[in-house]
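2 protein chains.
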Amino acid sequence: MMKRILSVLNSNSELVSAELEAILGSKDSDYAVLLDSMRYSALGGGKRIRPTLTLEFSRLHGGSERAALTLAAAVEMVHTYSLIHDDLPCMDNDDVRRGKPTNHKVYGEATALLAGDALLTMAFSVICQSEALSDTQKVKAVRLLSEYAGANGMIGGQQIDLIGEKKRLTEKEHKKMNTLKTGALIRCAALFGCIAAEADEAAFSAAERYAENIGLAFQVTDDLLDIGEEDEKTTYLTFMTEERARRYASELTDGAVNAIKDYEGSETLISLARFLRDRQV
Amino acid sequence: MMKRILSVLNSNSELVSAELEAILGSKDSDYAVLLDSMRYSALGGGKRIRPTLTLEFSRLHGGSERAALTLAAAVEMVHTYSLIHDDLPCMDNDDVRRGKPTNHKVYGEATALLAGDALLTMAFSVICQSEALSDTQKVKAVRLLSEYAGANGMIGGQQIDLIGEKKRLTEKEHKKMNTLKTGALIRCAALFGCIAAEADEAAFSAAERYAENIGLAFQVTDDLLDIGEEDEKTTYLTFMTEERARRYASELTDGAVNAIKDYEGSETLISLARFLRDRQV
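Note that the protein sequences, when read in sequence, are chains A and B. Letter by letter, the first sequence follows residues 1 to 281 in this note's numbering. Letter by letter, the second sequence follows residues 282 to 562 in this note's numbering.
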């Protein structure tokens, strides 16, 4: 089971990387360094969980692979931009990401800032330029992405995280931060699969419930894996015992599985949810 | 003539500010400071040249005022985000904008970064949420905005500008920088008016030619007004005499006027082009 899901993740990751390579294909230009910087982060590894959600939900509901791949690339570009900006000195000030120097360490802060801006902006072009999506699908996708990645989604979560640096967040605020900061784009990715497949409303609800549960479970598991790290950060372990956190991650994973288990062909998404709970990294 | 165009600019500016107030309306939330920061810059004055272009090109071609106002607000949100990011310490490191402290001076660098990200993202939501635009218009607008504001548009121009800090730009590179950095969004704004009005292809071409000319003229005039400023910056005056620059601004303005003068009702846009050439600030 574990081996199969790893192979699915791997093959989806290769598909998305090839798509991103094509989108960010090298162009001779007076600002080539900007595109180099965008490629550096977009092609710099990562588990590609979000694009996998898009691809798998599209497959579950019989969507076009081409349409799904476009949307998967768009959501990964937005994820990549958020990491570049999050790593900047005025934010988390991180020097290393995925075992490599962060974007601003290689290209300087100004170009890193612009590369993030450009990846975000280009995600919307990629959707609108697609020949595999109808206008209705494009408008749905742009609207969803801009709302889930925006001030009342991912960016709102980043702002709560900033506030948390100055004052202790309550359990409710901490959960909201996670629901928005990492959860919103995970939900968007799953819903993008439903858009690619022009699925019905029940499919959208199920995808959102699945993604909401794995998003939270992902964070709880991250916090469990980080036990013993030095820093004073607020995590789920601030609010619950280790045992309770493990139970919570399992309940969330069950919630995700229950949301989709009645769909024929949902085995991959079920394995993915369990894999994310059981992972050791 | 001068008095009339000032009154048009003023009334358009009020319309756009009201629209932006509505879009960025205060919401009680755990991240209220993010929305405050977005409002601070979006409602902090400015000539509103871009939204005026959208409104006037829509009126020229009989577009819906509601549709035009939505697109005008979207383009101004993108302009505002670009100013916030441009002012950051890693970019121009400016403390003052429009006579007030820059966004990061008031809200801190991290929140300013996020406010810029959020304004950019929200511009796309605003377009897609509109009830006055068809799906076809929305897709055209999102595509145009994301391309003109992206890596091969405004952000590419910002990157050339950065490169220009380290090496002297050639005249050609300097012109390309302006064409992209400020010109691309000005062209987008004019074309947005044509989208609002569902104008024909000839109207799109004329709007783009008009906007390309006033965009360049605007920059040449800026450079003429800045003569005597201390800094070593490359400007049009690096490459031409003052007399030649004045002639160039006039030629560009004539080019703008010629692009649209055969349309009935083009007086306002003609005055606008001349006003931008003759302005003293």
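Glycine included, C-beta positions come from ideal geometry on N, C-alpha and C.
Item checked: Top-ranked residue by Cα proximity to L276 of chain A, from A:S37, A:L53, A:E19 -> Here residue 276 of chain A refers to the residue found at position 276 of the first sequence. The option with the nearest alpha carbon to L276 of chain A is A:L53.
Check: Closer than 7 Å, Cβ to any Cβ of chain B: which residues of the region 130-143 of chain A, in chain order?
Finding: D135, T136, K138, V139, V142, R143
Notebook entry, point to check: Under the DSSP definition of a beta bridge, which residues are partnered with R97 of chain A?
Noted result: Here the question's residue 97 of chain A lines up with position 97 in the first sequence. A:K100, per the DSSP bridge assignment.
Check: Leaving out the 5 sequence neighbours to the left and right, which residues in its chain are closer than 8 Å to F405 of chain B when beta-carbon positions are compared?
Finding: Along the second sequence, read from residue 1 onward, the residue named residue 405 of chain B stands at position 124. Cβ neighbours of F405 of chain B beyond the five flanking positions: A355, V423, L426, S427.
Note to self: Is the separation between the beta-carbon of L400 of chain B and that of T361 of chain B shorter than 8 Å?
What the structure shows: One-based indexing of the second sequence puts residue 400 of chain B at position 119. One-based indexing of the second sequence puts residue 361 of chain B at position 80. Closer than 8 Å, so yes.
Next item on the list: Compare the C-alpha of V377 of chain B against each of B:K328, B:S322, B:L394, B:C409 and name the closest.
Entry: Taking the first residue of the second sequence as 1, we reach residue 377 of chain B at position 96. Out of B:K328, B:S322, B:L394, B:C409, B:S322 has the C-alpha closest to the C-alpha of V377 of chain B.
Next item on the list: List the residues of chain B whose Cβ lies closer than 8 Å to the Cβ of L276 of chain A, in chain order.
Entry: As a working mapping, residue 276 of chain A is identified with position 276 in the first sequence. Within 8 Å Cβ-Cβ: nothing; L276 of chain A doesn't reach chain B, min ~26 Å.
Check: Is DSSP giving P51 of chain A helix, strand or coil here?
Finding: To locate residue 51 of chain A, count along the first sequence from 1; it is residue 51. Three-state DSSP puts P51 of chain A in a helix.
Check: So, helix, strand or coil for V562 of chain B, using DSSP?
Finding: Looking up residue 562 of chain B in the second sequence gives position 281. V562 of chain B: coil per DSSP, three-state reduction.
Check: Taking C-alpha atoms, which residue in B:I551, B:H385, B:L341, B:F485 lies nearest to S318 of chain B?
Finding: Sequence index remark: in the second sequence, residue 318 of chain B carries index 37 (1-based). Of the candidates B:I551, B:H385, B:L341, B:F485, the one whose C-alpha sits nearest the C-alpha of S318 of chain B is B:H385.
Next item on the list: Taking C-beta pairs closer than 8 Å, name the residues in chain A that E454 of chain B reaches, listed in chain order.
Entry: On the second sequence, residue 454 of chain B is found 173 positions in, with the first residue counted as 1. Residues of chain A passing the Cβ test: D30.
Margin query: Suppose the cutoff is 6 Å on Cβ atoms and the five residues either side in sequence are ignored; what does the same chain contact list for D375 of chain B look like?
Written below: As a working mapping, residue 375 of chain B is identified with position 94 in the second sequence. Same-chain partners within the cutoff: D368, T383.
Next item on the list: Go ahead and pull the three-state DSSP assignment for K284 of chain B.
Entry: Numbered from 1 along the second sequence, position 3 holds the residue referred to as residue 284 of chain B. Three-state DSSP puts K284 of chain B in a helix.
Next item on the list: Measure from the C-beta of A118 of chain A to each C-beta in chain B and report whether the shortest distance is under 8 Å.
Entry: Residue 118 of chain A sits at position 118 when you count from the first residue of the first sequence. Chain B contact via Cβ: present.
Notebook entry, point to check: Name the chain B residues whose beta carbon is nearer than 7 Å to that of K233 of chain A?
Noted result: To locate residue 233 of chain A, count along the first sequence from 1; it is residue 233. Neighbours of K233 of chain A on chain B: none; closest Cβ ~16 Å, over 7 Å.
Next item on the list: Kindly give me the distance between the Cβ atoms of K419 of chain B and V139 of chain A, rounded to whole angstroms, as I take these residues to be in contact under 8 Å.
Entry: If you number the second sequence from 1, residue 419 of chain B lands on position 138. If you number the first sequence from 1, residue 139 of chain A lands on position 139. Contact flag correct, Cβ pair sits at about 5 Å.
Margin query: Please classify M2 of chain A as buried or exposed, where buried requires at least 16 neighbouring CB atoms within 10 angstroms.
Written below: Residue 2 of chain A sits at position 2 when you count from the first residue of the first sequence. By the neighbour-count rule (16 or more Cβ atoms within 10 Å), M2 of chain A is not buried but exposed.
Checklist line | First and last residue of the uninterrupted alpha helix (DSSP H) at R247 of chain A | finding: Here residue 247 of chain A refers to the residue found at position 247 when the first sequence is read from its first residue. Start and end: 242-260.
Check: Quick one: is G437 of chain B near chain A, going by C-beta distance under 8 Å?
Finding: Here residue 437 of chain B corresponds to residue number 156 of the second sequence, with the count starting at 1. Closer than 8 Å to some Cβ of chain A, the Cβ of G437 of chain B qualifies, so yes.
Next item on the list: Measure the C-alpha to C-alpha separation of R48 of chain A and E452 of chain B and round it to an integer number of angstroms.
Entry: As a working note, residue 48 of chain A is residue 48 in the first sequence. As a working note, residue 452 of chain B is residue 171 in the second sequence. Answer to the nearest angstrom: the Cα atoms are 43 Å apart.
Notebook entry, point to check: Under the rule that 16 or more other beta-carbon atoms within 10 Å means buried, what is V281 of chain A, buried or exposed?
Noted result: Walking along the first sequence from the start, residue 281 of chain A turns up at place 281. Result: exposed.
Item checked: C-beta neighbour in chain B for E76 of chain A, strict 8 Å -> The residue you call residue 76 of chain A lines up with position 76 of the first sequence. Taking Cβ atoms only, chain B never reaches closer than 8 Å to E76 of chain A, which makes this a no.
Check: With E251 of chain A and I227 of chain A assumed to form a contact (beta carbons below 8 Å), what rounded beta-carbon distance in angstroms separates them?
Finding: In the first sequence, counting from the first residue as 1, residue 251 of chain A sits at position 251. In the first sequence, counting from the first residue as 1, residue 227 of chain A sits at position 227. No, E251 of chain A and I227 of chain A are not in contact; Cβ-Cβ is about 19 Å, not under 8 Å.
Check: Based on Cα-Cα distance, which residue from A:A184, A:L224, A:E232 lies nearest to E165 of chain A?
Finding: Residue 165 of chain A sits at position 165 when you count from the first residue of the first sequence. Measuring from the Cα of E165 of chain A, the nearest candidate turns out to be A:E232.
Next item on the list: Give a yes or no on whether the C-beta atoms belonging to A189 of chain A and P51 of chain A are separated by under 8 Å.
Entry: Against the first sequence, residue 189 of chain A aligns to sequence position 189. Against the first sequence, residue 51 of chain A aligns to sequence position 51. It is a contact, given that the beta carbons lie within the stated cut-off.
Check: Using a Cβ-Cβ distance under 8 Å, would H342 of chain B count as near chain A?
Finding: Stepping through the second sequence from its first residue, residue 342 of chain B is reached at position 61. So, not an interface residue.
Checklist line | Assigned secondary structure, N433 of chain B (DSSP; H/G/I helix, E/B strand, else coil) | finding: Position 152 of the second sequence, counted from the start, is the residue given in the question as residue 433 of chain B. It is coil, neither helix nor strand.
Notebook entry, point to check: DSSP on T111 of chain A, reduced to helix/strand/coil?
Noted result: Counting from one through the first sequence, the residue named residue 111 of chain A turns up at place 111. Correct three-state label for T111 of chain A: helix.
Checklist line | Residue-level contact to chain A via CB, H366 of chain B, 8 Å cutoff | finding: Sequence index remark: in the second sequence, residue 366 of chain B carries index 85 (1-based). Cβ-Cβ to chain A under 8 Å: yes for H366 of chain B.
Next item on the list: Give the residues of chain A in contact with E457 of chain B, contact being defined as C-beta atoms less than 8 Å apart.
Entry: Position 176 of the second sequence, counted from the first residue, corresponds to residue 457 of chain B. Sequence check: residue 457 of chain B is Lys here, not Glu. Here the neighbours are D30.
Notebook entry, point to check: Which residues in the same chain have their Cβ closer than 6 Å to the Cβ of V538 of chain B, if we skip the five residues on either side of it in sequence?
Noted result: Residue mapping note: residue 538 of chain B aligns to position 257 of the second sequence, counting from 1. Contacts found: I551, A554.
Next item on the list: With DSSP as the reference, label S345 of chain B as helix, strand or coil.
Entry: For the purposes of this step, residue 345 of chain B is taken as residue 64 along the second sequence, with counting starting at 1. Three-state result, S345 of chain B: coil.
Note to self: Can you tell me whether E412 of chain B is buried or exposed? The criterion is at least 16 other CB atoms within 10 Å of its CB, across all chains shown.
What the structure shows: By 1-based counting over the second sequence, the position of residue 412 of chain B is 131. E412 of chain B should be labelled exposed.
Margin query: So, for V289 of chain B: in the same chain, excluding its five sequence neighbours on each side, which residues have a beta-carbon less than 7 Å away from its beta-carbon?
Written below: One-based indexing of the second sequence puts residue 289 of chain B at position 8. Taken in chain order, the residues that qualify are T549.
Notebook entry, point to check: R320 of chain B: which of B:G438, B:A396, B:R379 sits nearest, CA to CA?
Noted result: If you number the second sequence from 1, residue 320 of chain B lands on position 39. It is B:A396.
Next item on the list: Just tell me which of B:R449, B:M403, B:I365 has its CA closest to the CA of G389 of chain B.
Entry: Within the second sequence, numbered from 1, the residue matching residue 389 of chain B stands at position 108. Of the candidates B:R449, B:M403, B:I365, the one whose C-alpha sits nearest the C-alpha of G389 of chain B is B:I365.
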